[in-house]
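Protein chains in written order, with our numbering: chain A, 203 to 522; chain B, 271 to 577; chain C, 51 to 359.
One structure is given here, and the rest of the page talks about it.
So this is what it looks like as structure tokens:
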């Protein structure tokens, strides 16, 4: 059974000087309980892919086209408003990057968790409040009742992100999208939150999509990695394979340029150039202008995403 | 040799206004508490800590962009703590700063050549055409070719904008550069470029850099020495590799332990310490009680401990 | 909170004093006096006598303190242009029509404007938005006397449904109120639209959608409540601003309101009335700002509870 099934997804935004294609032909399948990391830089299309999967982008202006977009058996492309609302929070929940802006500032944390529970489950207000307190305890908050009665501005980023996770888990979703959940947090808090997400994922048996720019976050949390660049998937592989033997030139370059890999003050291996401009992407493979092994074919035509083994696949002419 | 920059017992107290309008009470908040730092010539000193640790305030005080409440700031051995605007100007030439968000720091109405030449203009150095020529040379030095001189900030990528900010900071050939999280907002694939640029320029121009960051991986590749800040204090300072291999303070250790692994094979369980637990675990050099202070425990290795 | 209100009251007292001094000085800095008119010349001896009877021959600071002492006892003096009554009596007579006109205008215009603004924000960049925005812009740019003229032409002259002027029966109130409501309607429509759009682009709205809340709940419980925060701060002061009456609408429809006295008190150097009008309006604005700040604080947890971090 496939929980999330995306085939050939394209997301575009019209802009004053043309159409920006944020996602260009992405396919992704996630099974129940699986944990996947989507790695990419800004403009790679990683967040937009997740937002599109939940149909959270404003349409118009954005335009979503796909051969298939199914979440928990629901055809997300054809689902109406009520059906979408039933999927969101219930089948698939999402945790966002900046916990400081993710809560409505005029309501208490408790109010916001309770309204989530009551949107999907037939519970009284007091039963839902009890449940909310239990959820906060579950995310290792020591004083759940105090936090329930707090307003967002009264809490730290780490505490808010815990509450956010508790809220996301309140209706036992089958899949959790975590979009850079630790980027806005301090290093030590990041480690705690990642640990918490990993632990809850295992305990609840839900699938996880961890969206991040940080290879370290991926190394810590997921089983399989999807590397995105310029709106396309470059490579996918089990997490250990990606770190032991990256195949795509972009993945290889990204690994090699990570600072702090070896002791001592030293120049790093750098990737020349800048990320592609989504409004004016290069022809062919999006990485070819910065790629050390690119040739005329790479500039002329985008390589197809093809399986290289049972568990690995990549989009690169050099890997044919 | 006199160090390029020295902070002696510098503190900063902020008055926090309690909510309540006209007759509101204020409480004192000690953002930086008795910090002493030495930035030797031609070296890169990493100042590491989490949000609220006081690292940015310390950097701003070193530049006298924030006035210290107590302590002294020495540039080239001269005390600049009490200098007025005019007397400070020659020292401003010796100290420059680069921020995390270079976009808001670049005037969108000016060309890159104008932006980079502006400090020369302010200090009245050279004719207009000499200033432009120097600016273009500096752009080339930071990895942008001369054609960029006529462009505007919005035409650039994040990494290119950070190059321009660095070019502007270095055009006066300063001795000291304070770099506050200059790579934090950059894409992973561009981060290495800027780190390399800073390393190259430091060697070439004989710069001394105070590199403020929360990213220990970057600090490891870039710095000679690291000072760790916690709750406004420096709790440990040592040569960079010593910090990574032989950290003694519980806070330094918890920071290092929190760095994500570089390979999934190294995944491990971690113990997380609260601030209170960290304070309680302050190292003791002997069995006695007392107040924690910085002590030299090895050459170049300072540790906050109870003697 | 009590501390806060006490602080605000102190600053209101200060504002009030400063405004009174400035107005008093400016009033007397304008050359001429109440008996200098050309249509009814009086000789110097009579003028001196009249001035003395009204205390106008005394030094300015004495006049100021005398007047303000009276104000503290709710004695605003006697209007020179209508010496048969006190200033308070004159206000009591002339204010009600202005109050009805302005108050009804706001009460009708504001809700309409808010609805219009909401519709525009929720249907951003559709014909509803464009139509609402065009409507609001027209309301702000067309001078109120043009609107008044148009209303009189259509409903009084051509259709002959309503009286063209006067303030007798409530039937005659309708046209001036409609003419006047255009201003608050347009202002509120623009304000609501931008406040709503501002909230709609906040990240927490995406989170609310991701939680699976219905669109109706998102808009009516979360977005509106957040958008209302900045709006409460303008509602009351605007109410005061409009409830003091509109000179133009009152003139167009011959409403016997306060508007005319604003102008005449300045022209005739009617010092007592002029001071009284400005002081009352100052006081009302101060109180309105205070009340709206308190409401804002009550609605906004950030102010109510302060930062705990």
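Ideal Cβ placement from N, Cα and C applies to all residues, glycine included.
Small disclaimer: the values here were computed from a predicted structure and weren't measured.
It is roughly 59 Å from the alpha-carbon of residue 156 of chain C to the alpha-carbon of residue 365 of chain B. The contact set of residue 78 of chain C on chain A, defined by CB atoms closer than 8 Å, is empty, because the minimum CB distance reaches about 50 Å. For residue 433 of chain B, the uninterrupted alpha helix (DSSP H) run begins and ends at 428-440, by DSSP.
For the pair residue 277 of chain C and residue 235 of chain C, the CB atoms are not nearer than the 7 Å cut-off.
Between residue 492 of chain B and residue 485 of chain B, the alpha-carbon positions lie close to 11 Å from each other. Going by beta carbons, residue 488 of chain B and residue 453 of chain B fall inside the 7 Å limit. Residues are counted here when their Cβ sits less than 8 Å from a Cβ of chain B; for the stretch 282-306 of chain A the count is zero. As DSSP reads the structure, residue 422 of chain B sits in no beta bridge.
Collapsing the DSSP output to three states places residue 245 of chain C in a helix. Residues of chain B with a Cβ closer than 7 Å to the Cβ of residue 411 of chain A do not exist; the shortest Cβ-Cβ separation is about 17 Å. With a threshold of 7 Å between beta carbons, residue 380 of chain A makes no contact with chain C. Within chain A, the residues whose beta carbon sits less than 7 Å from that of residue 540 of chain B are 393, 397, listed in sequence order. Counting the other CB atoms within 10 Å of its CB gives residue 425 of chain B a total below 16, which places it among the exposed residues. Using a Cβ-Cβ cut-off of 7 Å, residue 410 of chain B does not count as an interface residue toward chain A, since no Cβ of chain A sits closer than that to its own. DSSP links residue 440 of chain A through a beta bridge to A/426. Shortest Cα-Cα distance from residue 218 of chain A to any of A/496, A/242, A/481, A/408 involves A/481. By the Cβ criterion, the stretch 143-159 of chain C is in contact with the stretch 302-310 of chain C, since at least three pairs of Cβ atoms, one from each stretch, lie closer than 8 Å. Comparing alpha carbon positions, the residue from C/325, C/341, C/343 closest to residue 75 of chain C is C/325. Under a criterion of Cβ atoms nearer than 7 Å, the residues of chain C adjacent to residue 318 of chain A are, in order, 261.
Counting every other CB atom within 10 Å of its CB across the protein chains shown gives residue 559 of chain B a total below 16, marking it as exposed. For the C-beta of residue 264 of chain C, the chain A residues within less than 9 Å are, from N- to C-terminus, 283, 284, 287, 321. At the C-beta level, residue 232 of chain C and residue 189 of chain C come within 7 Å of one another. The beta carbon of residue 198 of chain C lies closer than 8 Å to those of 225, 226, 229, 298, 299, 302, 303 in the same chain, with the five residues before and after it left out. Residue 231 of chain A is a Cβ neighbour of residue 204 of chain A, given a cutoff of 7 Å. Where residue 308 of chain B is concerned, the enclosing beta strand (DSSP E) starts and stops at 296-309. Residue pairing of residue 230 of chain C in beta bridges, as defined by DSSP: absent, with no partner found.
In the structure shown, the three-state DSSP call for residue 232 of chain A is strand. At least 7 Å separates the beta-carbon of residue 458 of chain A from that of residue 375 of chain A. Residue 282 of chain C and residue 307 of chain A have their C-alpha atoms spaced approximately 17 Å apart. Taken in chain order, the whole alpha helix (DSSP H) runs of length 4 or more contained in the stretch 440-492 of chain B are 458-475, 486-492. Taking every protein chain shown into account, the CB of residue 217 of chain C has 16 or more other CB atoms within 10 angstroms, so this residue is buried. For the stretch 236-251 of chain A, the beta-carbon criterion of a distance under 7 Å to any beta-carbon of chain B is satisfied by 243, 244. Taking C-alpha positions only, residue 151 of chain C is separated from residue 241 of chain C by approximately 22 Å.
Not one beta carbon of chain C lies nearer than 7 Å to the beta carbon of residue 225 of chain A. The beta carbon of residue 346 of chain A sits closer than 6 Å to the beta carbons of 335, 338, 339 from its chain, once the five residues preceding and following it are set aside; these are given in chain order. Taken atom to atom, the span from the alpha-carbon of residue 405 of chain A to that of residue 413 of chain A is near 20 Å.
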